[in-house]
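Under the working numbering, residues 50 to 406 are what the sequence shown spells out, in order.
Each residue gets a CB set at the ideal place from its N, CA and C atoms; glycine is no exception.
Here the structure is a predicted model, which means the values were calculated and not measured.
Comments concern the structure below.
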Amino acid sequence: MDQFFVQPVEKKVSSVAWLQQSNVHNEPFLRFYSGTWDHGADNELVLWKCPGPDVRSRQLDSDFEAAPLARVNHSGDVADILVVQRDLCMTASSTGQLYVYKTSDNAGPDNMSLTLTQTLSPSSSKASSASLSANAPCVALASQPLAGSSCDIACVDEAGRLSFFQVDQPHPLAQVQADCLPLYDVTWLSSHTVLTVSRSGQLKLFDRRDPQEPLVVVVDPETPNVAINCAAGHPSQTHRLATGNKLGNVLSWDIRKMQEPVSQTVEAHDGEINDILFHPGRPFTIITASEDSSCGVLDLGASAGLQMGQYPTTTRPPVRKLQNLYNCLPINALDYHATANILLAGSDSTNLLFQIE
């Protein structure tokens, strides 16, 4: 099995997010955010820097280490981090609030600061009914693709609400009761199409322009009532998406026919899948983070070149596991740097994990 490079940190890491750069050679360091959970009033959001990979060896140096550039106390668990702009990020909190932070380098590039500039609340919608007005932990964020700096932000919470915000406005632009059970993740599949997944095991597609009723409701025919923990849209093919469930299975979906979607199920992990993403440079590769202390790299194009939904029932694409002996607890979150090709993850073992892919 492949080994992660492990860096111990002080607290359990619940979320991570790279600050993407178009050309990593223009700057000597890469930057990313991490958030913590299960530390009460001591939870924090941290901005880090780390060196890029060695271009020739395709490995991380033995003295590789990420260093904190700025940190700030965070109210509640940091359930998710969304990079909105280069100097602006948003977090989803277990307090039921969304927090917007601005990065400043007034003290120099190695001594930066994070400042809370805005608090947004899904429960503050003026249009909300009594059933929508209660506070509930926010669990996931996603930004509208290719929409510039004024794009909509989608948020889901444990009250089953799907809310739409803009960063500079404290109240939701729109809100819908998407499920009667907690929602676990949200992702944009196109400029107007939003996907939610939930404890009920349902995938629901909404049109941002009129989100009051879902366009379609989909369940896995093999495990229709199993909770779906996470979802990811393909970076270039809007009809493709991937989900990870409570059983440790990855489901790859083709929704070109929304009423009759095609799915492929792969048994990827021995524990729940906590996070999932498509590899930005390999169209059939999916990466997962799991409760079984590993990340999985799943190549859906590895079995005789077959396309999604066309695998024989006896064929299962291989899953490559990324693990480390010193990381024995769940991996909660991951993100991939598209130009530096570094996989970043965070775990309950109070580790940051790095692997060149």
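Close-in-space but distant-in-sequence residues of the same chain around residue i (CB under 7 Å, 5 per side omitted)
i             : result
threonine 85  : Lys60, Lys61, Val62, Ser63, Asn92, Glu93 and Val127
histidine 410 : Coverage of the chain is limited to positions 50 through 406, which leaves residue 410 absent and any answer about it impossible.
leucine 109   : Phe54, Pro102, Phe403 and Ile405
Between the CA atoms of residue j and residue i - distance to the nearest angstrom
i                 : j                 : result
phenylalanine 113 : glutamine 56      : 9 Å
alanine 389       : valine 132        : 17 Å
phenylalanine 78  : arginine 135      : 14 Å
proline 231       : aspartate 154     : 39 Å
leucine 264       : leucine 252       : 11 Å
glutamate 406     : aspartate 206     : 32 Å
arginine 257      : histidine 241     : 5 Å
proline 260       : phenylalanine 403 : 38 Å
leucine 393       : alanine 115       : 11 Å
proline 117       : valine 95         : 7 Å
alanine 119       : glutamine 167     : 18 Å
alanine 191       : asparagine 323    : 16 Å
glutamine 218     : isoleucine 130    : 18 Å
glycine 297       : aspartate 319     : 6 Å
histidine 88      : glutamine 308     : 44 Å
glutamate 316     : isoleucine 336    : 13 Å
valine 225        : leucine 211       : 5 Å
alanine 338       : leucine 374       : 16 Å
asparagine 184    : threonine 152     : 28 Å
leucine 165       : proline 270       : 44 Å
proline 329       : lysine 370        : 19 Å
alanine 66        : isoleucine 325    : 13 Å
arginine 248      : valine 275        : 7 Å
asparagine 400    : serine 342        : 11 Å
Helix, strand or coil at residue i [DSSP, three-state]
i             : result
valine 58     : coil
alanine 394   : strand
alanine 179   : Because alanine 179 carries a pLDDT of 48, less than 50, the predicted location of this residue cannot be relied on, and no value is offered for it.
alanine 90    : helix
serine 124    : coil
proline 171   : helix
histidine 241 : coil
valine 149    : strand
valine 95     : strand
serine 352    : Bear in mind that a pLDDT of 48 at serine 352, under 50, signals an unreliable position, so the model cannot answer this.
tyrosine 375  : coil
serine 142    : strand
cysteine 187  : strand
histidine 386 : strand
glutamine 261 : coil
glycine 250   : coil
glycine 101   : coil
Cβ neighbours of residue i in the same chain (closer than 6 Å, five flanking residues each side left out)
i           : result
serine 312  : Leu300 and Trp302
arginine 80 : Leu68 and Lys98
proline 379 : Glu340 and Asp397
leucine 238 : Leu244, Gly282 and Thr287
Cβ pair residue i, residue j closer than 8 Å
i              : j             : result
asparagine 376 : serine 398    : yes
valine 246     : alanine 280   : yes
valine 266     : glycine 250   : no
glutamine 146  : leucine 163   : no
serine 173     : histidine 220 : yes
threonine 236  : glycine 293   : no
cysteine 344   : leucine 383   : yes
Own chain residues within Cβ distance below 8 Å of residue i, not counting five before or after
i            : result
serine 142   : His123, Ser124, Gly125, Asp126, Val127, Ala128, Tyr148, Pro186 and Cys187
tyrosine 150 : Leu94, Val121, Leu137, Cys138, Met139, Thr140, Leu163, Thr164, Leu165 and Thr166
Residue i beta carbon near the ligand PLP (any heavy atom closer than 7 Å)
i           : result
leucine 238 : Absent from the structure shown: the ligand PLP. Ligands present: none.
Sequence ranges, beta strand (DSSP E) only - wholly within the segment 264 to 323, length at least 3: For the segment 264 to 323, whole beta strand (DSSP E) runs of length 3 or above, ordered along the chain, are 265 to 268, 277 to 282, 289 to 294, 298 to 303 and 311 to 316.
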